[in-house]
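Engineer:
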């Protein structure tokens with residue numbers, strides 16, 4: 001059930017590091033729809049937050065989205081947080097890696113946005129794309145992931161101009177390296193140790209996204225970068 005006086009916010013990748021932190025950040029102020037693939041983890045998070053609605057959706061199958069989203073009711077904000085990464089040189093990564101990465105990181109956000117836009121327009125809501133520093137610069141071994149994030153940036157930029165007349169705000173958030181399970185996987189692929197203290201806390205990124213959602217209506221925040229702060233006393 002959604003409260004009529006609360007915004008309704010859908011978060012993809014809600015059981016991951018940033019997604020779960022954002023769900024906890026918004027709980028009690030937003031009615032939440034939390035997307036994930038793992039029904040058990042999704043149910044546990046929804047139970048923890050008391051009243052969040054689970055949305056079990058495999059982002060590699062966009063043909064299933066329309067039926068899955070049909071009965072959601074109101075949607076004010078959409079936070080595209082889900083993502084996958086697989087490091088490797090262009091000479092070594094086959095088409096399966098590219099296809100999977102682009103499907104989850106670009107095609108799924110585009111299709112979910114298309115299907116939910118009439119509801120977001122009705123609410124004069126916000127679409128947030130959680131991008132990456134890799135969406136601004138492509139480094140060696142990061143080609144497939146960076147390409148997907150550059151494409152996600154293009155999607156957001158086009159959508160922003162298209163939807164301004166409907167009162168929909170569109171923001172891209174570019175977090176630096178954040179202490180998440182995805183980052184732990186990346187560090188393993190890089191052959192480097194993983195120390196969460198070296199990276200941004202997911203709660204910090206969540207607070208930034210909350211700020212974007214709550215910004216006064218006379219402002220739009222097209223691009224927001226979040227970088228690690230200075231270390232030491």
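In UniProt numbering, the protein residues as written are 1 to 233. Here a beta-carbon is modelled for each residue, glycine too, at the ideal position from N, C-alpha and C.
Consult DSSP for residue 39 and reduce its assignment to one of helix, strand or coil.
Structural biologist: The count along the chain shown starts at 1 and reaches residue 39 at position 39. The answer is helix: DSSP assigns residue 39 an H, G or I state.
Engineer: Please report how far the alpha carbon of residue 33 lies from the alpha carbon of residue 12, in whole angstroms.
Structural biologist: Residue mapping note: residue 33 aligns to position 33 of the chain shown, counting from 1. Residue mapping note: residue 12 aligns to position 12 of the chain shown, counting from 1. Residue 33 and residue 12: Cα-Cα distance of roughly 9 Å.
Engineer: When the distance is taken between beta carbons, is residue 202 closer than 7 Å to residue 21?
Structural biologist: Within the chain shown, numbered from 1, the residue matching residue 21 stands at position 21. Within the chain shown, numbered from 1, the residue matching residue 202 stands at position 202. Yes, the pair counts as a contact, with Cβ atoms nearer than the cut-off.
Engineer: What residue ranges within the region 1 to 76 form continuous beta strand (DSSP E) runs of no fewer than 3 residues, ordered along the chain?
Structural biologist: Counting whole runs of 3 or more residues, the region 1 to 76 contains the beta strand (DSSP E) stretches 8 to 11, 31 to 36, 53 to 56.
Engineer: Any Cβ of chain C within less than 7 Å of the Cβ of residue 150?
Structural biologist: You won't find chain C in this structure, because it holds only one protein chain.
Engineer: To the nearest angstrom, how far is the alpha carbon of residue 58 from that of residue 113?
Structural biologist: Position 58 of the chain shown, counted from the start, is the residue given in the question as residue 58. Position 113 of the chain shown, counted from the start, is the residue given in the question as residue 113. Roughly 15 Å between the two C-alpha positions.
Engineer: Need the endpoints of the alpha helix (DSSP H) that residue 124 sits in, please.
Structural biologist: As a first step, residue 124 must be located in the chain shown, where it is residue number 124. Element bounds for residue 124: n/a, residue is neither H nor E.
Engineer: By a C-beta neighbour count over all protein chains shown, 10 Å radius and 16 as the cutoff for buried, is residue 90 buried or exposed?
Structural biologist: Along the chain shown, one-based indexing puts residue 90 at 90. Exposed, since its Cβ has fewer than 16 Cβ neighbours within 10 Å.
Engineer: Distance, Cα to Cα, residue 37 vs residue 144?
Structural biologist: Here residue 37 refers to the residue found at position 37 when the chain shown is read from its first residue. Here residue 144 refers to the residue found at position 144 when the chain shown is read from its first residue. Spanning the two alpha carbons is a distance of roughly 22 Å.
Engineer: Is it right to say residue 211 is buried, meaning 16 or more other beta carbons lie within 10 angstroms of its own, or is it exposed?
Structural biologist: The residue labelled residue 211 in the question sits at position 211 within the chain shown. Exposed, by the Cβ-count rule.
Engineer: Counting along the chain, where does the alpha helix (DSSP H) carrying residue 132 start and finish?
Structural biologist: Locating residue 132 in the chain shown gives position 132, counting from the first residue. Run containing residue 132: none; DSSP gives neither H nor E here.
Engineer: Could you pull out every residue in the same chain whose Cβ sits closer than 7 Å to the Cβ of residue 15, ignoring the five residues on either side in sequence?
Structural biologist: Numbered from its first residue, the chain shown carries residue 15 at position 15. Excluding residues within five positions, the ones whose Cβ falls inside 7 Å are 36, 38, 41, 42, 45.
Engineer: I'd like to know whether the C-beta atoms of residue 228 and residue 209 end up nearer to each other than 7 Å.
Structural biologist: Position 228 of the chain shown holds residue 228. Position 209 of the chain shown holds residue 209. Not in contact: residue 228 and residue 209 (Cβ atoms no closer than 7 Å).
Engineer: Is it buried or exposed, residue 26, if we count other Cβ atoms within 10 angstroms and call 16 or more buried?
Structural biologist: Taking the chain shown and counting its residues from 1, one reaches residue 26 at position 26. It counts as buried.
Engineer: Please identify the residue among 96, 175, 118 whose C-alpha is closest to the C-alpha of residue 167.
Structural biologist: Locating residue 167 in the chain shown gives position 167, where the first residue counts as 1. The option with the nearest alpha carbon to residue 167 is 118.
Engineer: For residue 223, collect the residues of the same chain with a Cβ closer than 6 Å to its Cβ; drop the 5 residues on either side in sequence, then sort them by chain order.
Structural biologist: Numbered from its first residue, the chain shown carries residue 223 at position 223. Once the five neighbours on either side are set aside, the close Cβ partners of residue 223 are 172.
Engineer: Rounded to a whole number of angstroms, what is the C-alpha to C-alpha distance between residue 67 and residue 116?
Structural biologist: As a first step, residue 67 is located in the chain shown; it is residue number 67 there, counting from the start. As a first step, residue 116 is located in the chain shown; it is residue number 116 there, counting from the start. If I take the Cα positions, the gap works out to 12 Å.
Engineer: Does the separation of the CB atoms of residue 107 and residue 62 fall below 7 Å?
Structural biologist: Position 107 of the chain shown, counted from the first residue, corresponds to residue 107. Position 62 of the chain shown, counted from the first residue, corresponds to residue 62. The answer is yes: Cβ separation under 7 Å.
Engineer: What does DSSP give as the partner residue(s) for residue 79 in the beta ladder?
Structural biologist: What you label residue 79 is simply residue 79 of the chain shown in a count that begins at 1. 11, 128, per the DSSP bridge assignment.
Engineer: For residue 137, which option in 151, 189, 159 has the closest C-alpha, if you only look at C-alpha atoms?
Structural biologist: Taking the first residue of the chain shown as position 1, residue 137 is located at position 137. Selected option, being the one with the closest Cα: 151.
Engineer: Report the partner residues of residue 223 according to the DSSP bridge assignment.
Structural biologist: For this step, residue 223 is matched to residue 223 along the chain shown. Partner(s): 172.
Engineer: CB residue 76 to CB residue 7, shorter than 7 Å?
Structural biologist: The residue you call residue 76 lines up with position 76 of the chain shown. The residue you call residue 7 lines up with position 7 of the chain shown. Against a cut-off of 7 Å, the Cβ pair of residue 7 and residue 76 comes out as a contact.
Engineer: Could you tell me the distance, in whole angstroms, from the CA atom of residue 64 to the CA atom of residue 230?
Structural biologist: Locating residue 64 in the chain shown gives position 64, where the first residue counts as 1. Locating residue 230 in the chain shown gives position 230, where the first residue counts as 1. Cα to Cα, the separation comes out at about 44 Å.
Engineer: Given a threshold of 16 other Cβ atoms within 10 Å of its Cβ, counted over all protein chains shown, does residue 9 qualify as buried or as exposed?
Structural biologist: In the chain shown, counting from the first residue as 1, residue 9 sits at position 9. Buried: at least 16 other Cβ atoms inside 10 Å.
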